[in-house]
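Numbering (the working numbering), first residue to last: 253 to 714. Backbone N, C-alpha and C define an ideal beta-carbon position, used for all residues, glycine too. Here's the structure we're looking at; comments come further down.
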């Protein structure tokens with residue numbers, strides 16, 4: 253028998269940044285003593301997730317402290333917290349990622365009361381029951397009127413070599429955030445890191461900072477593009493004129509180049525143009541026709557991302573030193589063969605040079621976004637029930653700009669929302685804290701309003 257669902261109960265699936273920020277906004281946005289927020293986190297430790305779960309202090313945020321507050325209307329909150337806790341209080345600094353996890357945990361603790369429950373264990377299924385939902389895990393079943401999917405990024409895409417999935421082997425490390433596995437490698441190991449994005453950068457830093465003088469890392473991706481670096485004490489974004497007509501992918505690229513040229517004439521760095529385009533990005537993305545979005549992803553996305561998501565200066569300087577010493581090599585190439593040799597492998601490349609005898613291959617190719625290819629039990633179960641569907645670009649979940657999710661027939665599913673990376677197909681900027689905190693606040697307001705509306709008839713009739 254299913255117990256009646258409280259109209260004031262919200263289940264949040266995922267206890268990383270997206271889930272914690274949503275919980276904070278729900279708890280701080282209402283004084284209702286009957287409000288219940290159930291935060292489901294597989295590990296039982298909230299605030300960390302993939303992004304901030306690292307214990308390597310050399311892994312730094314790639315956004316300055318002044319932009320990383322949990323609250324859009326309190327931009328100095330992180331800086332004030334850093335000062336109170338004896339950390340770096342420089343607004344221009346790039347804090348260690350593990351410090352940001354501690355910050356999120358502290359901010360949640362500041363608003364937590366009897367209304368918050370944290371439940372360890374992986375949620376395997378969500379079932380629509382009446383006007384609410386059953387949230388099912390291996391150990392328990394709970395009910396909620398509203399569910400927020402805040403599971404963050406999925407596991408990395410499977411590595412494919414010559415048309416086949418890369419085999420399981422001792423030298424194949426599919427999880428780049430398993431720092432224990434990285435640290436078990438011999439101090440003189442040669443490691444092939446597949447990918448050149450921010451996760452690959454963090455992986456290379458861990459491998460080379462903790463290895464011996466014989467340690468070598470080869471990073472490889474199709475473009476061979478590393479993230480650009482932050483520079484100086486940049487404080488002002490270049491305000492970009494947003495075109496009023498329907499944009500195209502080529503038109504956006506031209507707009508960017510023209511704005512960079514205009515900024516350069518005034519002695520302004522191109523980074524200010526990127527930062528200035530951040531605010532209108534969501535509007536421009538929503539106005540792009542679907543085919544133009546596809547064209548942007550195919551032709552321009554990687555070149556935009558390496559400029560948009562930049563490295564902290566300290567990290568960039570480390571990479572420069574590793575390249576100069578010969579410890580790090582970056583290749584623009586693809587892997588065309590991997591020969592298993594038991595405790596190591598030999599990696600062949602399409603065009604960039606001789607094979608590399610590697611003690612490990614680390615998958616830093618980026619998170620899987622196409623849920624139709626995901627083996628995640630929760631997403632599989634919800635798709636089978638028709639409760640959610642992929643967005644047309646396979647970047648995440650189909651939904652509205654307000655965060656409501658759409659079922660397999662394209663209809664809004666009442667009381668089902670998403671925050672963070674799952675919304676990337678609808679809102680392209682959905683992976684960084686400044687955008688996630690805004691989504692969390694907006695969804696929390698919608699959830700609280702829905703709960704109030706659900707209770708209104710009973711209160712009126714009384």
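Residue i, enclosing alpha helix (DSSP H) - first and last residue
i           : result
residue 548 : 542–551
residue 521 : Per DSSP, residue 521 belongs to no alpha helix (DSSP H) and is neither H nor E.
residue 270 : 269–280
residue 489 : Where residue 489 is concerned, there is no enclosing alpha helix (DSSP H), given that its DSSP letter is neither H nor E.
Check whether residue i and residue j have beta carbons under 8 angstroms apart
i           : j           : result
residue 346 : residue 300 : no
residue 489 : residue 527 : yes
residue 678 : residue 651 : yes
residue 668 : residue 375 : no
residue 483 : residue 444 : no
residue 494 : residue 532 : yes
residue 363 : residue 276 : yes
residue 582 : residue 466 : no
residue 635 : residue 322 : no
residue 290 : residue 264 : yes
residue 335 : residue 326 : no
residue 279 : residue 367 : yes
residue 460 : residue 574 : yes
residue 685 : residue 446 : no
residue 259 : residue 706 : yes
Cut-off 6 angstroms between Cβ atoms - residues of its own chain near residue i, not counting five sequence neighbours on either side
i           : result
residue 714 : The predicted model places residue 714 with a pLDDT of 40, which falls under 50 and marks its position as unreliable, so this point remains unresolved.
residue 281 : 696, 700
residue 537 : 680
residue 525 : 490, 511, 512, 515
residue 623 : 631, 642
residue 385 : 378, 396, 399
residue 310 : 457, 461
Residue i versus the options, residue with shortest Cα-Cα distance
i           : options            : result
residue 593 : 580, 601, 608      : 608
residue 673 : 664, 663, 692, 662 : 692
residue 717 : 354, 261, 405      : What is shown of the chain runs 253 to 714, which leaves residue 717 out entirely.
residue 329 : 302, 314, 311, 358 : 358
residue 546 : 288, 371, 647      : 647
residue 245 : 706, 670, 704, 676 : Since the first residue shown for the chain is 253 and the last is 714, residue 245 is missing from the structure and cannot be characterised.
residue 649 : 401, 285, 338, 326 : 401
residue 499 : 529, 518, 539      : 539
residue 360 : 270, 664, 284      : 270
residue 505 : 440, 544, 473, 261 : 544
Nonlocal neighbours in the same chain, by C-beta distance under 7 angstroms from residue i, ignoring five residues either side
i           : result
residue 542 : 644
residue 661 : none
residue 591 : 597, 598
residue 414 : 588, 589
residue 481 : 562, 563, 565, 568
residue 197 : The shown model of the chain, from 253 to 714, leaves out residue 197, and the question about it has no answer.
Nearest-angstrom Cβ-Cβ length linking residue i and residue j, presumed shorter than 8 angstroms
i           : j           : result
residue 501 : residue 551 : 6 angstroms
residue 324 : residue 615 : That pair is no contact at about 34 angstroms.
residue 694 : residue 654 : 7 angstroms
residue 457 : residue 570 : 6 angstroms
residue 676 : residue 602 : With 8 angstroms as the limit, residue 676 and residue 602 do not qualify as a contact, their Cβ atoms being about 29 angstroms apart.
Residue i Cβ short of 7 angstroms to the ligand COA heavy atom set
i           : result
residue 689 : This structure does not include the ligand COA; it has no bound ligands of any sort.
Same chain, Cβ closer than 8 angstroms to residue i, five either side skipped, listed in chain order
i           : result
residue 306 : 349, 350, 429, 431, 454
residue 389 : 292, 371, 373, 374, 375, 376
residue 664 : 652, 656, 657, 658
Where the beta strand (DSSP E) through residue i begins and ends
i           : result
residue 371 : 368–372
residue 388 : 384–389
residue 533 : Counting along the chain, residue 533 falls outside any beta strand (DSSP E), though it belongs to the alpha helix (DSSP H) covering 533–539.
residue 346 : Careful: residue 346 lies outside any beta strand (DSSP E) and carries neither H nor E.
residue 589 : 587–592
residue 471 : 468–473
residue 376 : 375–381
residue 569 : Residue 569 -> not in any beta strand (DSSP E); alpha helix (DSSP H) instead, spanning 565–577.
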